[in-house]
């Protein structure tokens with residue numbers, strides 16, 4: 132006995148299911164959820180007393196729109212923004228602060244950090260006095276004078 136061939140209707144349903152599954156899989160693979168990347172742009176070194184401009188860029192690397200809660204931590208406080216971005220869209224925000232103390236100022240935005248070296252303001256002919264400890268033989272040096280520093 133020979134098997135009965137499937138009817139045209141069954142083939143049509145099977146073809147629609149295969150096309151739907153293939154197209155649906157393609158659709159799911161190409162339409163990514165919203166995902167965000169954060170970057171920070173700022174000078175790596177400034178002088179104490181300078182106004183520092185920090186640019187923070189948030190990009191939606193997904194295909195779908197989404198909202199990102201941006202938290203930026205600066206030396207003078209924290210800033211919060213809710214950014215609604217379409218797929219592929221990016222937005223850059225600029226923040227400013229005054230570098231009030233010598234040393235390293237750390238900027239945080241999202242999962243990123245950026246360090247800014249804040250140098251002392253020294254003019255030509257200024258004398259700097261202090262104690263320097265030698266890491267080699269641990270002797271304390273007296274009367275250290277610096278000339279033409281960052282001139």
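Numbering (this note's numbering), first residue to last: 132 to 282. For each residue, glycine too, the CB sits at the ideal point set by N, CA and C. All figures in this text were calculated on a predicted structure; none of them were measured in a lab.
Closest by C-alpha distance to residue i, when choosing among the options
i           : options               : result
residue 243 : 193, 217, 187 and 199 : 187
residue 228 : 217, 219 and 247      : 247
residue 170 : 259, 261, 232 and 245 : 245
residue 232 : 164, 201, 221 and 180 : 180
residue 193 : 210, 219, 200 and 176 : 219
residue 205 : 240, 251, 222 and 257 : 240
residue 202 : 183, 196 and 213      : 213
Secondary structure of residue i, DSSP reduced to three states
i           : result
residue 247 : strand
residue 176 : strand
residue 198 : strand
residue 212 : strand
residue 225 : strand
residue 253 : coil
Identified DSSP bridge partners for residue i
i           : result
residue 231 : According to DSSP, residue 231 bridges with nothing at all.
residue 240 : 203 and 243
residue 220 : DSSP output for residue 220 lists no bridge partner at all.
residue 168 : 190
Neighbour-count burial assignment, residue i, 16 or more Cβ in a 10 Å radius
i           : result
residue 238 : buried
residue 249 : buried
residue 164 : exposed
residue 209 : exposed
Range of the contiguous beta strand (DSSP E) that encloses residue i
i           : result
residue 182 : 182–191
Any C-beta of chain C under 9 Å from that of residue i
i           : result
residue 163 : Reference to chain C is not applicable here, since this structure consists of a single protein chain.
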